[in-house]
Amino acid sequence: MADFFSLSELFSGFAAVADPMVILFIFIGVFVGIIFGSIPGLTATMAIVMFLPMTYVMSPIQGVSTLIALYIGGISGGLIAAILLNIPGTPSSIATCFDGCPMAKKGEAGKALGTGVVFSFFGTIIGIIVLALAAPLIAAVAIRFGPYEYSTLSLCALSLVISLTGKDLIKGLISGLLGIMFATVGLAPVDSAKRFTLGMSELTSGIALLTLLIGLFAVTEVIKAAEEVRNPLKAQVKYKNVSIRGFGFSLKEGLAQKWNLLRSSLIGIVIGILPGIGGAISGMLSYTAAKNQSKHPEKFGTGIMDGIVASESANNAGIGGAMIPMLTLGIPGDAATAMLLGGLMVHQIAPGPLIFEKNGVEVYGIYGAMFVAAIAMLFFELFGIKIFIRVLKLQKYWLMPIIMMLCIVGAIGNANRVFDVWNVLFFGIVGFAMIKSGLPHVPLILGFILGPIFELNFRQAVQHYLIDPMDVLSHPIAIGFFVFTIFVVFYSLKRQKKESMLISEE
Amino acid sequence: MKNVIKQTLIASAAALALSVSGAANAADGSYPSKTITMICTHGAGGDTDYNARLISRLLEKELGVSVVVKNVTGANGSVALTQYKDEKPDGYTLIATNTIAMASNEASGLSDFGYTAFEPVAIYGKQCGENIIVKADTPYKTLDELIDATKANPEKIKLGIAFGGSSYIAASVIADEKKSQFALVDAGGNAPNRMTTLLGGNIDATIVPYTIAKEYAESGKVRFLATLMSERLPAAPDIPTVKECGVTNLTVDTLYGILAPKGTDAAIVKKINDAILKIVNENQEYKDEIRRYNYQDPYALNVQDTIARLKAQRELMMGFSKYLN
């Protein structure tokens, strides 16, 4: 263990962050990150993408700290719009809407925001602690995951999401399958066969997740706003004088959430570690876990702190989790950490199992930067919440053209192709059509992310199975995931049947 | 209608004048006079990108104008190559790619053109090479021992590769020449994935670039058996080449190249090539950075040698195309 906790390196790492320039960059990064996070359609990933080139000219510690600050601010900023507008500012805040918006409607917007902010902070801190203490151990477990584990895990996650979102199982399934179908465009995994490219060279690289997200979450909003333009809804944020007094909630209320905080943070960390799954699912899973564990599950969705705590502590703790495989294996857990990885490489910090020995100072610098960024986030969101609400209060006719422009910029920024602009507009229309037909968006996005993970790993698993069928038995984790999937499917079918019987009796 | 025709005529005359002046620029030595865009065919943070960014940063000083790198990614570089091959050949759009991706995309049919669709400017770098590796706790000390083990135990030893990629070509050539009997499994198109799959014990051997495996070899987790390069890597002279191990037809040299759209003035190409040769061969900052980061030895070719090298590589890869379909 001595290698991982060299005191002198710990000291020099923290000292490097204590540089006033670094702290300034972290504060700027967090501020910009929160703005990106709070505006629906702009994400932490986008913030990192847009600022990555600027960090090339900074020192390694400055550059990496800025990127991490954008990441933490961006993930946390999503809660503001989730609570005040019922739109997740970033996909990872989807579950924050469930209780955040009802709380705001009850006139407890300040309390909801305070809860989100404070538990985002604690989630981040728990994430950092776990990252620092358990990185080597956890990586050793995650690295054993092979095709069997990944294919069953993605299947499990997909069935959970489809059965959880929306009231209608069929509509969830349609949406999920649409997502999987969109993901099949481009080169197939394993054999690189071209699929559904319609003879267009641009489609050989498939549809980029970023363009899908921008289209579904941002352009759809713009189209919706355009539809409502003739009978405009009054100012977006209806809540007057939203302010957070103290933390917005009492110490007793806060302490009552301690197990929820711990459980949700751990779920967030575990999901964060697993590559490719990310914040959106961790928020949903921890929300469901909190609901199932609760003594009053029926109150979930009506506006209680528990739901916000679950979602926000999980998505922020996931940052620490996602950093674990990124730093120790060089494998990013999500799109944002993939960008961070690029940022590290540019600064000659080579992630891998020897990172502690080779770049110990920088690693401790990263921990230090995360810690400072968490404090900056708490500071800005508790005392500067009015600034970010202002951003949301902007009239739609001011905001929408800017959002549309940023959507286009973001689309081009993805791969410098005008083609992606058309993609974004296409998915904006798809998203609008889905709203009109009552299809939920979330299963589509998760189908899009998990479908290819499942397909790739399933095809690889088949290859392994053909070589040695009995080998499956030596993968108990995969078997566990599979059994759990079957349970989820049967449980949700049963629940659906029960609900439809209740409706027909009425 | 007349107006439209008139406008079109004026516009085309203007365009003609511009292109003439572009040619004049090259001839009278005023090129470059504005920002050059360097399209990188692979993503930010990777080795192709690193080489492109380092050379453009130093080219700025050499040429006296900004050289901006833009990553246009997808389908192993073929998206960018398709999109920019017909760009205006004025010397202000250049394409930085890795040559093995371009050649193998053509050989596999992923794209229907190769280097001949461009004016090659320079080969300006040579990757530290793909290597066959095994976990350190396996008994195989040499490539031959590993191959013999596959013959003793056919279709049981798992070699993790990316189907259609250079690792797949390597596996096929080894099977052809040495009668190895690996169980081939897909372990992901990007090298870090193959590395994790090996470390996680899900495969027995794989093929990854030196940069990816170096740290794991130093920490005693994996062992290098052979490099696919034509010559031993100066940074790791102990690793034999596959040729030395008796696989006579197998070499995979990943080279970094700069291309210009077809029709770019030869004087412009020469000017950029001269600047690149000067940087790679004389600039100490370049030499230090490329060695430290990518374990590359400075390596660059003039225009004729670049074209000859691309031709040779294309022929080699086309020879492998029977494995790719």
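Which chain is which? The protein sequence lines are A and B, in order. FYI, in my numbering the residues of the first sequence are 1420 to 1925. FYI, in my numbering the residues of the second sequence are 68 to 392. Beta carbons: idealized from backbone N, C-alpha and C, even for Gly.
Just mark residue i as buried or exposed, buried being the case when its beta carbon has 16 or more other beta carbons within 10 Å.
{"i": "residue 135/B", "result": "exposed"}
{"i": "residue 1715/A", "result": "exposed"}
{"i": "residue 17/B", "result": "This structure gives no information on residue 17/B, because the portion of chain B shown stretches from 68 to 392."}
{"i": "residue 1704/A", "result": "buried"}
{"i": "residue 1530/A", "result": "buried"}
{"i": "residue 1710/A", "result": "buried"}
{"i": "residue 1619/A", "result": "exposed"}
{"i": "residue 1653/A", "result": "Because the pLDDT of residue 1653/A is 47, which lies under 50, any placement of that residue in the model is unreliable, and the question is left without a value."}
{"i": "residue 1664/A", "result": "exposed"}
{"i": "residue 1816/A", "result": "exposed"}
{"i": "residue 1910/A", "result": "exposed"}
{"i": "residue 1838/A", "result": "buried"}
{"i": "residue 282/B", "result": "buried"}
{"i": "residue 26/B", "result": "Here chain B comprises residues numbered 68 to 392, so residue 26/B is not present and cannot be evaluated."}
Which of the three DSSP states is assigned to residue i in this structure?
{"i": "residue 1507/A", "result": "coil"}
{"i": "residue 356/B", "result": "helix"}
{"i": "residue 91/B", "result": "Because residue 91/B sits at a pLDDT of 45, beneath the cut-off of 50, its placement in the model cannot be relied upon, and the following sentence gives the value as read from the coordinates. Looking at residue 91/B - three-state DSSP - the assignment turns out to be helix."}
{"i": "residue 1612/A", "result": "coil"}
{"i": "residue 96/B", "result": "coil"}
{"i": "residue 1521/A", "result": "helix"}
{"i": "residue 1463/A", "result": "helix"}
{"i": "residue 309/B", "result": "coil"}
{"i": "residue 250/B", "result": "strand"}
{"i": "residue 1567/A", "result": "helix"}
{"i": "residue 1858/A", "result": "coil"}
{"i": "residue 1744/A", "result": "helix"}
{"i": "residue 1427/A", "result": "helix"}
{"i": "residue 1619/A", "result": "coil"}
{"i": "residue 296/B", "result": "coil"}
{"i": "residue 1835/A", "result": "coil"}
{"i": "residue 1537/A", "result": "helix"}
{"i": "residue 1577/A", "result": "helix"}
{"i": "residue 1603/A", "result": "coil"}
{"i": "residue 331/B", "result": "coil"}
{"i": "residue 1869/A", "result": "helix"}
Terminal residues of the continuous beta strand (DSSP E) containing residue i?
{"i": "residue 1784/A", "result": "No beta strand (DSSP E) holds residue 1784/A; the alpha helix (DSSP H) holding it covers 1779–1802."}
{"i": "residue 191/B", "result": "185–193"}
{"i": "residue 138/B", "result": "134–138"}
{"i": "residue 167/B", "result": "Unbroken run through residue 167/B is the alpha helix (DSSP H), 166–175; no beta strand (DSSP E)."}
{"i": "residue 1648/A", "result": "Residue 1648/A -> no beta strand (DSSP E), and no H or E assigned at all."}
Between the Cα of residue i and those of the options, spot the shortest distance and give me the residue it belongs to.
{"i": "residue 1756/A", "options": "1766/A, 1743/A and 1768/A", "result": "1743/A"}
{"i": "residue 1647/A", "options": "1851/A, 1725/A and 1689/A", "result": "1851/A"}
{"i": "residue 384/B", "options": "314/B, 318/B and 309/B", "result": "318/B"}
{"i": "residue 1641/A", "options": "1891/A, 1883/A, 1859/A and 1848/A", "result": "1848/A"}
{"i": "residue 182/B", "options": "142/B, 285/B and 326/B", "result": "326/B"}
{"i": "residue 109/B", "options": "264/B, 119/B and 278/B", "result": "119/B"}
{"i": "residue 1630/A", "options": "1831/A, 1539/A and 1908/A", "result": "1831/A"}
{"i": "residue 228/B", "options": "96/B, 334/B and 253/B", "result": "253/B"}
{"i": "residue 1809/A", "options": "1605/A, 1429/A, 1662/A and 1670/A", "result": "1662/A"}
{"i": "residue 1733/A", "options": "1689/A, 1722/A and 1780/A", "result": "1689/A"}
{"i": "residue 124/B", "options": "353/B, 369/B and 366/B", "result": "353/B"}
{"i": "residue 278/B", "options": "265/B, 359/B, 222/B and 336/B", "result": "359/B"}
Taking the alpha helix (DSSP H) that residue i belongs to, which residues open and close that run?
{"i": "residue 260/B", "result": "258–266"}
{"i": "residue 244/B", "result": "233–245"}
{"i": "residue 127/B", "result": "114–130"}
{"i": "residue 373/B", "result": "370–391"}
{"i": "residue 198/B", "result": "No alpha helix (DSSP H) holds residue 198/B; the beta strand (DSSP E) holding it covers 197–202."}
Quick one: what's got a C-beta closer than 7 angstroms to residue i's C-beta in the same chain, skipping five residues either side?
{"i": "residue 203/B", "result": "287, 288, 289 and 290"}
{"i": "residue 1535/A", "result": "1498, 1502, 1515, 1519, 1727 and 1731"}
{"i": "residue 1554/A", "result": "1743, 1746 and 1747"}
{"i": "residue 231/B", "result": "175 and 391"}
{"i": "residue 1896/A", "result": "1568"}
Take residue i and list the residues in its own chain whose beta-carbon comes closer than 8 angstroms to its own, dropping the five residues that flank it on each side.
{"i": "residue 1470/A", "result": "1448, 1451, 1485, 1486 and 1489"}
{"i": "residue 308/B", "result": "293, 294, 295, 296, 297, 298, 299 and 318"}
{"i": "residue 1883/A", "result": "1565, 1566, 1567 and 1890"}
{"i": "residue 156/B", "result": "186, 327, 328, 329, 330, 331 and 332"}
Can you give me the Cβ contacts of residue i inside the same chain, cut-off strictly under 6 angstroms, excluding the 5 residues immediately before and after it?
{"i": "residue 177/B", "result": "145"}
{"i": "residue 1434/A", "result": "none"}
{"i": "residue 1517/A", "result": "1720 and 1726"}
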